[in-house]
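So the sequence shown is residues -18 to 429, counted in this note's numbering.
C-beta: ideal position from N, C-alpha, C; glycine also.
Since the model is a prediction, treat every value here as computed from it, not as a measurement.
Beneath this line is the structure, given in structure tokens, with notes to follow.
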Amino acid sequence: MGISRLPKASLLDTALFAGAVFLPTFAKGPIIRRPRVVALVERFRLDDRAVDAVCRIHSRNPEGPLLLRLPLRHQALILAPGHVDTVLNMSPDPFSPASAEKRAALTHFQPNNVLISTGPIRSVRRALQEQVLDTDHPIHLLADAFLPVVREEMDELLATAAERGELIWKDFLAAWYRVVRRVVFGDHARDDSELTDMIVQLRRNGNWAFLRPQQKKLRAKFLARITEELARAEEGSLASVMAARAPRFEGAAPAEQVPQWLFAFDPAGMATFRALAVLATHPEARSRARQELHDDGSSRSFLPYLRSCVLEALRLWPTTPLILRQTTRPVEWEDGMMPAKCGVLIFAPYFHRDERNLPRAHQFAPERWLDDDGGDSDGWPLVPFSDGPVVCPGKQLVLLLTSAALAQLIDRTDLHLTSRHRLDPQGRLPGTLDNYSLRFAPSPRGEG
Ligand code: HEM
-18 MGISRLPKAS LLDTALFAGA VFLPTFAKGP IIRRPRVVAL VERFRLDDRA
32 VDAVCRIHSR NPEGPLLLRL PLRHQALILA PGHVDTVLNM SPDPFSPASA
82 EKRAALTHFQ PNNVLISTGP IRSVRRALQE QVLDTDHPIH LLADAFLPVV
132 REEMDELLAT AAERGELIWK DFLAAWYRVV RRVVFGDHAR DDSELTDMIV
182 QLRRNGNWAF LRPQQKKLRA KFLARITEEL ARAEEGSLAS VMAARAPRFE
232 GAAPAEQVPQ WLFAFDPAGM ATFRALAVLA THPEARSRAR QELHDDGSSR
282 SFLPYLRSCV LEALRLWPTT PLILRQTTRP VEWEDGMMPA KCGVLIFAPY
332 FHRDERNLPR AHQFAPERWL DDDGGDSDGW PLVPFSDGPV VCPGKQLVLL
382 LTSAALAQLI DRTDLHLTSR HRLDPQGRLP GTLDNYSLRF APSPRGEG
């Protein structure tokens, strides 16, 4: 007897998914966010509605995976927590991260990046990434060089905020990009905004995936600049580690591994600014974070509570809401067979905000990340950095830099949230937190 196909969603449920989840996610910008759309999504609570829509779809369908009724392509939606583990742990084969839509989007600026590579060359690129990003260590091998950079730039940001009488996203982003350029390329690149501007343009094209032609000249110019930076390899930068390690990894395309770093430091900045908004409005969490700073013996290289605050901000407002895979061959599930070349989609907010299974799903509870190794909560999938063999290799570096940035911003300054956002510690936190419109009034600690 042949094995049956997986259950199929009705046309109505497929349309509901496309309208409530896919459309707003695509409109917000999968590769670089469109601030005006983010504001609209927040205003109309579209991210909350997306989670409700998946709840409704799940209530009418079995655990799945559920095949959506799309033309031209097989697309499965993951609904059971155990299936999240299966997909992530069985990556990159048979669940390849190099899905068709990801390839179309990322080819605009990094056609040979690990994320869209397959087969043996993927393993080579992944191994190089892990070495340079020091994936297995909470404290990056260059932490002693990076932490003063974060301190200096955040101090300068606070000085700008004091002068302006306000801390706003635009100034934060400028300071964050200075940190990123110094960490990635070294101090000489601090004000070289041409480098980061080029990738912004290429990412804008990436938002349209195959609907927009590639700017090959710009991409070549951008990759040539990165190659120069790797040759320069300023001491104390990620570029220096890359330059030293890359020769051992044949075919790794080192210059094309770097754009992913520049690209991915963006969500790290967003998460930091959102965590700051929560700390400004949650006195208990703020006191605990300051106590951690007071007791710290690690020169701020390991601040577990502040790291958990960043993880919790990413749980509440995941910057990669859709984790995408594509099957390399047919895969058998309890409910039936998933065909080869089938898109597989994990909608992280559905699991991150599941109030039926996750305590305080809509509240800020960073302690939940202190109890385990930061992967999940009692086996429930919390996957802002994904998980398994394809887990974000930059996770620990992100937590190092973002926790240090938060530390510097809250240690001697009180930040009062002045934008209209309501972030009530006892209430339900919104499904979207528009980082672009967050504003704070700074004052010296204790005088606010
Ligand atoms: C808040 C910030 C970040 C978040 C939430 C994040 C999250 C993720 C996620 C969800 C993936 C996809 C994994 C998958 O498909 O299962 C990923 C991949 C990746 N991330 Fe990050 N990331 C962040 C920042 C960074 C930074 C700053 C770097 C480098 C400096 C980085 C390097 C990478 C690389 C190289 C991959 C590809 C891994 C592979 O394909 O094996 N990420 N990240």
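Buried or exposed by the 16-neighbour rule on C-beta atoms within 10 Å, applied to residue i
{"i": "Arg200", "result": "buried"}
{"i": "Ala34", "result": "buried"}
{"i": "Leu4", "result": "exposed"}
{"i": "Ala84", "result": "Here the sequence assigns Arg to residue 84, which means Ala is not the residue at that position. By the 10 Å Cβ count, Arg84 comes out buried."}
{"i": "Leu(-8)", "result": "exposed"}
{"i": "Lys197", "result": "exposed"}
{"i": "Gln407", "result": "exposed"}
{"i": "Gln272", "result": "exposed"}
{"i": "Lys202", "result": "exposed"}
{"i": "Lys151", "result": "exposed"}
{"i": "Ser430", "result": "Because the chain in this structure spans residues -18 to 429, residue 430 falls outside the shown range and cannot be described."}
{"i": "Asp115", "result": "buried"}
{"i": "Ser434", "result": "Here the chain covers residues -18 to 429 and nothing more, so residue 434 does not appear."}
{"i": "Arg401", "result": "exposed"}
{"i": "Arg106", "result": "buried"}
{"i": "Ala270", "result": "buried"}
Nearest residue (CA-CA) to residue i, options the options
{"i": "Leu382", "options": "Leu53, Val130 and Val19", "result": "Val130"}
{"i": "Arg306", "options": "Glu315, Thr300, Ala294 and Pro320", "result": "Pro320"}
{"i": "Thr394", "options": "Ala422, Ile38, Leu128 and Thr88", "result": "Ala422"}
{"i": "Leu60", "options": "Arg185, Val32, Ser289 and Arg145", "result": "Val32"}
{"i": "Asp316", "options": "Glu23, Arg14, Glu44 and Gly0", "result": "Glu44"}
{"i": "Glu209", "options": "Glu231, Asn188, Ala236 and Leu326", "result": "Ala236"}
{"i": "Phe254", "options": "Pro425, Asn93, Met71 and Ile391", "result": "Ile391"}
{"i": "Arg24", "options": "Arg403, Arg426 and Thr300", "result": "Arg403"}
{"i": "Met71", "options": "Pro370, Leu380, Thr399 and Ala385", "result": "Pro370"}
{"i": "Arg171", "options": "Ala140, Lys151 and Glu215", "result": "Glu215"}
{"i": "Leu58", "options": "Arg409, Phe332 and Pro425", "result": "Phe332"}
{"i": "Ser279", "options": "Pro119, Ala(-4) and Asp152", "result": "Pro119"}
{"i": "Met179", "options": "Ala205, His55 and His39", "result": "Ala205"}
{"i": "Phe244", "options": "Asn188, Arg288 and Leu211", "result": "Asn188"}
{"i": "Pro240", "options": "Leu87, Val160 and Ser221", "result": "Leu87"}
{"i": "Leu297", "options": "Asp28, Leu48 and Ala8", "result": "Asp28"}
{"i": "Ser424", "options": "Val95, Glu147, Arg281 and Asp(-6)", "result": "Glu147"}
{"i": "Ala225", "options": "Val113, Glu313 and Pro264", "result": "Val113"}
{"i": "Ala143", "options": "Asp368, Asp405 and Leu396", "result": "Leu396"}
{"i": "Thr67", "options": "Ser40, Ala342 and Ser367", "result": "Ser367"}
{"i": "Asp277", "options": "Gly324, Thr300, Thr308 and Ala385", "result": "Ala385"}
Residue i: CB within 7 angstroms of a non-hydrogen atom of the ligand ZN
{"i": "Ala233", "result": "Judged by which ligands are present, the ligand ZN is missing from the structure shown, whose ligands are the ligand HEM."}
For residue j and residue i, the rounded distance between their alpha carbons
{"i": "Leu123", "j": "Ser218", "result": "8 angstroms"}
{"i": "Pro75", "j": "Arg310", "result": "6 angstroms"}
{"i": "Arg426", "j": "Ala(-1)", "result": "47 angstroms"}
{"i": "Gln434", "j": "Asp136", "result": "Only positions -18 to 429 of the chain appear in this structure, which leaves residue 434 out of reach."}
{"i": "Asp357", "j": "Val65", "result": "Confidence at Asp357 is low in this model, with a pLDDT of 48, below 50, so its placement is unreliable and the value that follows should be read with caution. Going from the Cα of Asp357 to the Cα of Val65 covers about 11 angstroms."}
{"i": "Gly(-4)", "j": "Leu183", "result": "Reading the sequence as shown, one finds Ala at residue -4 and not Gly. Cα to Cα, the separation comes out at about 31 angstroms."}
{"i": "Thr262", "j": "Thr141", "result": "22 angstroms"}
{"i": "Gly355", "j": "Ile207", "result": "Only weak support exists for where Gly355 lies, its pLDDT of 49 falling under 50; the value from the coordinates is given anyway. Approximately 33 angstroms between the Cα atoms of the pair."}
{"i": "Ala79", "j": "Pro101", "result": "13 angstroms"}
{"i": "Gly250", "j": "Ala20", "result": "18 angstroms"}
{"i": "Phe328", "j": "Val181", "result": "25 angstroms"}
{"i": "Asp470", "j": "His275", "result": "With the chain represented from -18 up to 429, any question about residue 470 goes unanswered, as that position is not in the structure."}
{"i": "Leu363", "j": "Met223", "result": "30 angstroms"}
Within 8 angstroms, strictly: CB atoms of residue i and residue j
{"i": "Tyr417", "j": "Pro16", "result": "yes"}
{"i": "Leu414", "j": "Leu260", "result": "no"}
{"i": "Arg103", "j": "Pro62", "result": "no"}
{"i": "Glu293", "j": "Phe246", "result": "no"}
{"i": "Arg162", "j": "Ile13", "result": "no"}
{"i": "Ala258", "j": "Leu419", "result": "yes"}
{"i": "Arg50", "j": "Ala1", "result": "no"}
{"i": "Pro285", "j": "Leu339", "result": "no"}
{"i": "Cys290", "j": "Ala256", "result": "yes"}
{"i": "Val165", "j": "Phe127", "result": "no"}
{"i": "Arg159", "j": "Glu134", "result": "yes"}
{"i": "Gly167", "j": "Ala227", "result": "no"}
{"i": "Leu378", "j": "Arg288", "result": "no"}
Residue i beta carbon near the ligand HEM (any heavy atom closer than 7 angstroms)
{"i": "Pro78", "result": "yes"}
{"i": "Ser367", "result": "yes"}
{"i": "Ile13", "result": "no"}
{"i": "Ala245", "result": "yes"}
{"i": "Arg107", "result": "yes"}
{"i": "Cys373", "result": "yes"}
{"i": "Leu154", "result": "no"}
{"i": "Gln241", "result": "yes"}
{"i": "Gln195", "result": "no"}
{"i": "Leu248", "result": "For the record, residue 248 in the displayed sequence is Pro; it is not Leu. Because some heavy atom of the ligand HEM lies under 7 angstroms away, the Cβ of Pro248 counts as near it: yes."}
{"i": "Thr301", "result": "yes"}
{"i": "Val131", "result": "no"}
{"i": "Leu148", "result": "no"}
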